[in-house]
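Beneath this line is the structure, given in structure tokens, with notes to follow.
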Amino acid sequence: LHIGVELVAARDAETRLVVSSRETDRATADDLVALAQQLSSARYLEEGVVCLLLPGEETSAIRVLEDAQRDEELHSVACNMQKQPGRVYHLYERSDGYRYFSLLSPDEWGKEEKRKEYVASYRLEPDRSWTPTSEIVKRDIQFRSLDAFLHQPSLKLEHFLT
Numbered sequence: 001l002h003i004g005v006e007l008v009a010a011r012d013a014e015t016r017l018v019v020s021s022r023e024t025d026r027a028t029a030d031d032l033v034a035l036a037q038q039l040s041s042a043r044y045l046e047e048g049v050v051c052l053l054l055p056g057e058e059t060s061a062i063r064v065l066e067d068a069q070r071d072e073e074l075h076s077v078a079c080n081m082q083k084q085p086g087r088v089y090h091l092y093e094r095s096d097g098y099r100y101f102s103l104l105s106p107d108e109w110g111k112e113e114k115r116k117e118y119v120a121s122y123r124l125e126p127d128r129s130w131t132p133t134s135e136i137v138k139r140d141i142q143f144r145s146l147d148a149f150l151h152q153p154s155l156k157l158e159h160f161l162t
């Protein structure tokens with residue numbers, strides 16, 4: 001069962017901080033395994049709630065959950081600068097699996113090695129979500145349309161009360 005939570009491995013007998021295995025190996029309601037299981041249950045519950053809230057839109061609900069998981073993963077990627085909304089960050093992965101963000105695109109590096117390590121580019125949004133650069137134009141159009149819709153004079157409450 002994969003639950004997406006990395007757990008801390010138990011210490012071996014020689015390096016235990018507490019000698020009594022009765023104390024260190026006893027499962028309690030607040031140990032990491034129980035916490036991970038609760039987190040997993042909460043994620044499944046969240047998926048069910050989203051599907052219930054959007055009947056007939058299961059694909060959209062799944063897409064929202066997948067995007068949220070991707071955003072969570074991207075926020076854990078190493079980055080040696082303060083992330084600022086509106087900027088584009090380029091994701092690289094070394095051969096050893098180490099992932100990091102850079103402000104430099106593969107072409108700006110000017111090194112073939114960086115082109116091989118390049119994975120994708122994302123823009124950080126004000127809501128702290130990530131937009132792949134291939135979807136920036138589409139997302140900007142959606143936000144402009146939503147903003148125009150919300151600022152229509154016909155949406156004022158007074159019009160509905162008369």
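Read in order, the letters of the sequence shown correspond to residues 1 to 162 in UniProt numbering. Ideal Cβ positions, reconstructed from N, Cα and C, are used throughout, including at glycine.
Residue nearest to residue i in terms of C-alpha spacing, selected from the options
i: Glu-125; options: Asp-107, Tyr-98 and His-75; result: His-75
i: Arg-115; options: Ala-148, Arg-94 and Asn-80; result: Arg-94
i: Asp-96; options: Glu-117, Phe-149, Glu-73 and Gln-82; result: Glu-117
i: Asp-71; options: Leu-150, Phe-143, Asp-127 and Asp-147; result: Asp-127
i: Gly-86; options: Asp-147, Thr-133 and Pro-153; result: Thr-133
Proximal residues to residue i (C-beta, below 7 Å), its chain only, five neighbours per side dropped
i: Thr-131; result: Tyr-122, Arg-123, Glu-125 and Arg-139
Sequence-distant residues of its chain with Cβ nearer than 8 Å to residue i (five each side left out)
i: Tyr-44; result: Residue confidence is low: Tyr-44 scores 48 on pLDDT, short of 50, so the model does not pin down where it sits. Its coordinate-derived value is still stated next. Around Tyr-44: no qualifying Cβ.
i: Ala-78; result: Tyr-98, Arg-99, Tyr-100 and Phe-101
Proximity below 9 Å, CB of residue i to CB of residue j
i: Leu-91; j: Ala-68; result: no
i: Val-88; j: Leu-103; result: yes
Nearest-angstrom Cα separation, counted from residue j out to residue i
i: Glu-112; j: Arg-63; result: 34 Å
i: Ser-145; j: Tyr-100; result: 34 Å
i: Phe-149; j: Asp-107; result: 39 Å
i: Glu-73; j: His-151; result: 34 Å
i: Met-81; j: Gln-142; result: 29 Å
i: Ser-129; j: Val-137; result: 15 Å
i: Pro-153; j: Asp-147; result: 12 Å
i: Gly-110; j: Glu-135; result: 25 Å
Close Cβ partners of residue i (< 6 Å) along its chain, the five nearest in sequence each way excluded
i: Glu-46; result: Residue confidence is low: Glu-46 scores 47 on pLDDT, short of 50, so the model does not pin down where it sits. Its coordinate-derived value is still stated next. There are no such residues.
i: Lys-83; result: Leu-124
i: Ser-105; result: His-90
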